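J.:
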Amino acid sequence: MNPEIRVRFAPSPTGYLHIGGARTALFNWLFARHHGGKFVLRIEDTDRTRNTEEAAEAIYEGLQWLGLDWDEGPRAGGDFGPYLQSQRTDIYERYLKQLQDGGHIFEDAGALRFRSPREHVVVDDLVCGKIDFDLTNPGTHPDMTIRRPDGSWIFHFVNVIDDIEMKISHVIRGEDHLSNTPKHIELYRALGATTPHFAHIPLILNRDGSKMSKRDEGARVTTYMEQGYAAEAVRNYLCLLGWSPKDNREKIDIDEVIRLFELEKINRRNAAFDLDKCFWLNGQYIAQMSVDRFVELTRPFLEKANIDVPDKGYLRAALAIVKEKVKLLSDVPEWTRYFFTEQYEFDPAAVEKVFGKPEATERLIALRDEFAKIENWTVEEIESSLKTLAQKLGCKTGDLVHPARVAVSGRSVGPSLYHMLEVMGKERVLARFDRMIAQLGAK
RNA sequence: GGCGCGUUCGUCUAGUGGUUAGGACACAGCCCUCUCAAGGCUGGUGCACGGGUUCGACUCCCGUACGCGCUGCCA
């Protein structure tokens, strides 16, 4: 559609992907996809004191998890590589030479600085509008350093060089860079390069309005991966932070976001990350996703919990009925363990509450006998059998449901009892009833 | 301190020079119900403050306050 549109996400490898960085990457990605342009990933690892390899890995994982595929960059290749700044020193040397030849560079205590032209610079930002910066005073806007005495490069310089070299058309980044932008523009001009369009997006803050740092809950994308969020839910939530479809939709398909996304519609105010709402949206996604996807997303969590499931059909049936109940994928093991083992635990409080009264045991025995007569072990048959018995005994449906639930699951909460029983199968249910009855009788 | 950006329910947001200021999350209550959820219904809380401009401002302008960012040989 528009190959001239080229954007990039340029994180420095810190060992994890920050949720704010993820949102920046997302907006870049949305812009690229909306226009049919290219989304470039570039790793800004100029700071030699930090590790790069493993740290960059966390960024790749996070982006991949969120489905933000990059067209060019590490592992994807591209015509403008290498995409790690640590491998681009020759390029920087070349541009440094150009600046030196133009008389823009001077040395200061071994470091190299760029001499500011000392003018007003107007930043025409797609989100923030036209902003006039007065750079005439060296006292308030010192000449920026572009290379340290040890030869390593400073962000402002290499960032601009790479954006020129990689033909970046739109620089979409956090608002924390807005005040740096006029300095960057001075560099573009000194090099005779065309400045890209800029779009500075608002920052993500904590619920209390404070800046989100790596120690804050929810600051790392890995947290969401580990806690069992569906990537599409987190991505959807992120879309709604600073951007809106403007029609009250909350759960919105990513293709629809791509279609509607425009930089001009981005808010200018910082947004607080509301984990409650992200959690809610996650529940919506889980409830509405296909059983197949749910099974797929759940697998690693079941494995981690050492739940062995040889029968795929049985697994699928069990997961299908807990899907609407679960809010986090990491909750699934506890919600389903009793389906797959006879060694499930009994919640003492649930047992006490339900079997505290003596009638409960008699009712469970009566229910066992009724269930034994069922030929077609289906939800309908189970339900009508139970309800008929309740009527006969003159008790409430719940008086039979609760004992049965505790007997087969050890818990007082769970999915619809009838569906649970159907999935477990007649044989297993009767066996569990018998065991419960025996235990109660032994007391 | 200087410079920049921002300010609609607690939070994310919609919105218009004249609206009962809308939605969502969260919260409370009710309904439904085999539990827990879900779902349905109801409820409360909001245009930061002060000046202008205007017949009229939440909406436009100025100021103040507050918040955030930048002001590094961090990115």
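In terms of numbering that gives the first Met the number 0, the first sequence opens at residue 0 and continues consecutively.
Even glycine gets a Cβ: it sits at the ideal position worked out from N, Cα and C.
Predicted model, so just to flag it, every value in this text is computed and none were measured.
1) Smallest Cα separation from Tyr82: which of Ser11, Val121, Arg336?
2) Using the Cα positions of Ser212 and Asn158, report the straight-line distance between them to the nearest angstrom.
3) Could you compute how far the alpha carbon of Ala349 sits from the alpha carbon of His401?
4) By the 10 Å Cβ neighbour count, where 16 or more other Cβ atoms means buried, how is Phe338 classified, buried or exposed?
5) Determine the burial state of Thr377: buried for a count of at least 16 other Cβ atoms within 10 Å of its Cβ, exposed for fewer.
6) Which one of His140, Asn269, Ile200, Thr135 has the shortest CA to CA distance from Arg206?
7) From which residue to which residue does the alpha helix (DSSP H) around Lys391 run?
8) Since Ala75 contacts Val220 with CB under 8 Å, what's their CB separation in whole angstroms?
9) Using only alpha-carbon positions, find the residue among Gly36, Gln84, His33, Arg32 that is nearest to Glu52.
10) On the criterion of 16 or more Cβ atoms from any shown chain inside 10 Å, does Lys182 qualify as buried, or is it exposed?
11) Between the alpha carbons of Phe260 and Tyr236, how many angstroms are there, rounded?
12) For the region 4 to 83, which segments carrying the beta strand (DSSP E) assignment without a break, of at least 3 residues, lie completely within its bounds, in sequence order?
13) In terms of alpha-carbon separation, which member of Ser243, Glu231, Thr360 lies closest to Phe293?
14) Thinking Leu111 and Ile145 are a contact (beta carbons under 8 Å), I'd like their distance in whole angstroms, please.
15) For Arg41, count neighbouring Cβ atoms within 10 angstroms of its own Cβ and tell me buried if that reaches 16, exposed if not.
16) Would DSSP call Ala218 helix, strand or coil?
17) Would Leu62 and Asp70 qualify as a contact pair, given that the criterion is a beta-carbon distance under 9 Å?
18) Within a Cβ cutoff of 7 Å, which residues of the same chain sit near Gln283, ignoring the five residues on either side of it in sequence?
19) Considering only C-alpha positions, which residue in the set Ser384, Asp273, Phe278 is nearest to Met224?
20) Take Leu318 as the anchor and find which of Leu29, His199, Leu296 has the nearest alpha-carbon.
21) For Glu421, does the count of other Cβ atoms within 10 angstroms reach 16, so buried, or fall short, so exposed?
22) If we require 3 or more residues per run, which beta strand (DSSP E) segments fall completely within the region 118 to 144?
23) Of the choices Ile373, Ser408, Met435, Ala406, whose alpha-carbon is the least far from that of Leu425?
24) Assuming contact is defined by CB atoms lying nearer than 9 Å, are Leu366 and Leu385 in contact in what I supplied?
25) Check Ala108 in the structure and name its three-state DSSP category.
26) Alpha carbon to alpha carbon, what distance is there between Glu255 and Arg32?
27) How close, in whole Å, do the beta carbons of Ile90 and Glu164 come, if the pair is a contact with beta carbons under 8 Å?
28) Under 8 Å by Cβ, that's how I've got Asp330 and Gly227 pegged, so tell me the actual separation to the nearest angstrom.
T.: Looking at the coordinates:
1) Residue 82 sits at position 83 when you count from the first residue of the first sequence. With distances taken between CA atoms, Tyr82 lies nearest to Ser11 out of Ser11, Val121, Arg336.
2) By 1-based counting over the first sequence, the position of residue 212 is 213. By 1-based counting over the first sequence, the position of residue 158 is 159. Rounded to whole angstroms, Ser212 to Asn158 spans 23 Å at the Cα level.
3) On the first sequence, position 350 is the one that residue 349 refers to. On the first sequence, position 402 is the one that residue 401 refers to. Going from the Cα of Ala349 to the Cα of His401 covers about 9 Å.
4) If you number the first sequence from 1, residue 338 lands on position 339. The residue is buried, with at least 16 neighbouring Cβ atoms inside 10 Å.
5) Within the first sequence, numbered from 1, the residue matching residue 377 stands at position 378. With fewer than 16 other Cβ atoms within 10 Å, it is exposed.
6) Locating residue 206 in the first sequence gives position 207, where the first residue counts as 1. The shortest CA-to-CA distance from Arg206 to any of His140, Asn269, Ile200, Thr135 is the one to Asn269.
7) In the first sequence, the residue the question calls residue 391 occupies position 392. Lys391 -> alpha helix (DSSP H) spans 378 to 392.
8) Taking the first residue of the first sequence as 1, we reach residue 75 at position 76. Taking the first residue of the first sequence as 1, we reach residue 220 at position 221. Contact between Ala75 and Val220 fails: their C-beta atoms lie close to 19 Å from each other, not under 8 Å.
9) The count along the first sequence starts at 1 and reaches residue 52 at position 53. Closest by alpha carbon: Gln84.
10) Numbered from its first residue, the first sequence carries residue 182 at position 183. Around the beta carbon of Lys182, 16 or more other beta carbons sit within 10 angstroms, so the residue counts as buried.
11) Along the first sequence, one-based indexing puts residue 260 at 261. Along the first sequence, one-based indexing puts residue 236 at 237. Between the C-alpha atoms of Phe260 and Tyr236 there is a straight-line separation of about 14 Å.
12) DSSP runs (the beta strand (DSSP E)) wholly in the region 4 to 83: 5 to 8, 37 to 40.
13) Taking the first residue of the first sequence as position 1, residue 293 is located at position 294. The shortest C-alpha separation from Phe293 is found at Glu231.
14) Stepping through the first sequence from its first residue, residue 111 is reached at position 112. Stepping through the first sequence from its first residue, residue 145 is reached at position 146. Confirmed, about 6 Å.
15) Translated into the one-based positions of the first sequence, residue 41 becomes position 42. When all chains shown are included, Arg41 counts as buried.
16) Here residue 218 is taken as the residue at index 219 of the first sequence, counted from 1. The answer is coil: DSSP assigns Ala218 none of H, G, I, E or B.
17) Here the question's residue 62 lines up with position 63 in the first sequence. Here the question's residue 70 lines up with position 71 in the first sequence. Not in contact: Leu62 and Asp70 (Cβ atoms no closer than 9 Å).
18) As a first step, residue 283 is located in the first sequence; it is residue number 284 there, counting from the start. Around Gln283: Lys250.
19) Working through the first sequence from its first residue, we reach residue 224 at position 225. For Met224, the nearest C-alpha among the options comes from Phe278.
20) Working through the first sequence from its first residue, we reach residue 318 at position 319. The residue among Leu29, His199, Leu296 with its C-alpha nearest the C-alpha of Leu318 is Leu296.
21) Position 422 of the first sequence, counted from the start, is the residue given in the question as residue 421. Counting Cβ neighbours within 10 Å, Glu421 comes out buried, since at least 16 surround it.
22) For secondary structure counted as the beta strand (DSSP E) over 3 or more consecutive residues, the region 118 to 144 holds these complete runs in sequence order: 119 to 124, 128 to 133.
23) Stepping through the first sequence from its first residue, residue 425 is reached at position 426. Contrary to the premise, residue 425 reads as Lys rather than Leu in this sequence. For the residues Ile373, Ser408, Met435, Ala406, the minimum Cα distance to Lys425 belongs to Ile373.
24) Position 367 of the first sequence, counted from the start, is the residue given in the question as residue 366. Position 386 of the first sequence, counted from the start, is the residue given in the question as residue 385. Note that the C-beta distance between Leu366 and Leu385 is below 9 Å.
25) As a first step, residue 108 is located in the first sequence; it is residue number 109 there, counting from the start. It is coil, neither helix nor strand.
26) Taking the first residue of the first sequence as position 1, residue 32 is located at position 33. Taking the first residue of the first sequence as position 1, residue 255 is located at position 256. Straight-line Cα distance between these residues: approximately 11 Å.
27) For this step, residue 90 is matched to residue 91 along the first sequence. For this step, residue 164 is matched to residue 165 along the first sequence. Taking C-beta atoms under 8 Å as the contact rule, Ile90 and Glu164 qualify, at a distance of about 6 Å.
28) Along the first sequence, one-based indexing puts residue 330 at 331. Along the first sequence, one-based indexing puts residue 227 at 228. Contact flag correct, Cβ pair sits at about 7 Å.
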